[in-house]
Structures are given as structure tokens and as C-alpha cells.
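In our numbering, the protein residues as written are 116 to 198.
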């Protein structure tokens, strides 16, 4: 499982989201994608970051958008059979 954290440099909310992932023991499973370097990603996530996504070829996993906390992160992972 690889979790994508859509982010951009200098985003304090993105830093908070990353800390939650680290605290959940997911540091090695996080791929941080800076939306500033991709027009399509910037258009999609420019005002909603941080956003978490999981690429799953078996089924569609809904993204988790900010705001989220430890409990909602855990619920998202469990609901999607990732935690």
C-alpha cells in the first residue's frame, strides 16, 4: 500500500497531515506529490490540499481531504481495509 499525500512546499496544513501519517507509523508508505509542478494536479487540488489518496487497482478508494485528525485517518484506513 502506498499513500499519496498531495501537498506543496510551505503548506502548514500539509505538514500537519504528514505528521499524522508519521505518528500512525506510515512514514515509509507515504509518497509526497507536490502539486505545484503539475497543472492538472494544481487544478484539481489547488485549494483543497492536503489530500490523501491510495492507488488501488482492485477497487476505487475514496480520497481523504483536509481537515482530518488521527481518528478520521484511522477510520479511513480501516474502512478501506488499509489499516
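Idealized CB from N, CA, C, for every residue including glycine.
Q | Inter-residue Cα distance where the pair is residue 196 and residue 175 | A | The residue given as residue 196 occupies position 81 in the chain shown. The residue given as residue 175 occupies position 60 in the chain shown. Going by the C-alpha atoms only, they are around 12 Å apart.
(Q) So, at 8 Å on beta carbons, what are the nonlocal neighbours of residue 146 in its own chain, with the 5 sequence-adjacent residues on each side left out? (A) One-based indexing of the chain shown puts residue 146 at position 31. If we look at residue 146 and ignore the five residues flanking it on each side, its Cβ neighbours are 117, 118, 119, 120.
Q. Rounded to a whole number of angstroms, what is the C-alpha to C-alpha distance between residue 130 and residue 193?
A. One-based indexing of the chain shown puts residue 130 at position 15. One-based indexing of the chain shown puts residue 193 at position 78. Rounded to the nearest angstrom, the gap between the Cα atoms of residue 130 and residue 193 is 23 Å.
Q. What span of residues does the alpha helix (DSSP H) with residue 156 cover, start to end?
A. Mapped onto the chain shown, residue 156 falls at position 41. Element bounds for residue 156: 154 to 160.
Q) Hey, out of 136, 179, 151, whose CA is closest to residue 144's CA? A) Translated into positions along the chain shown, residue 144 becomes position 29. Per the Cα distances, 136.
Q: Assuming residue 162 contacts residue 156 (C-beta within less than 8 Å), just tell me the rounded distance between them.
A: Residue numbering aside, residue 162 sits at position 47 when the chain shown is read from its first letter. Residue numbering aside, residue 156 sits at position 41 when the chain shown is read from its first letter. Actually they are not in contact, since the Cβ atoms of residue 162 and residue 156 sit about 12 Å apart, beyond 8 Å.
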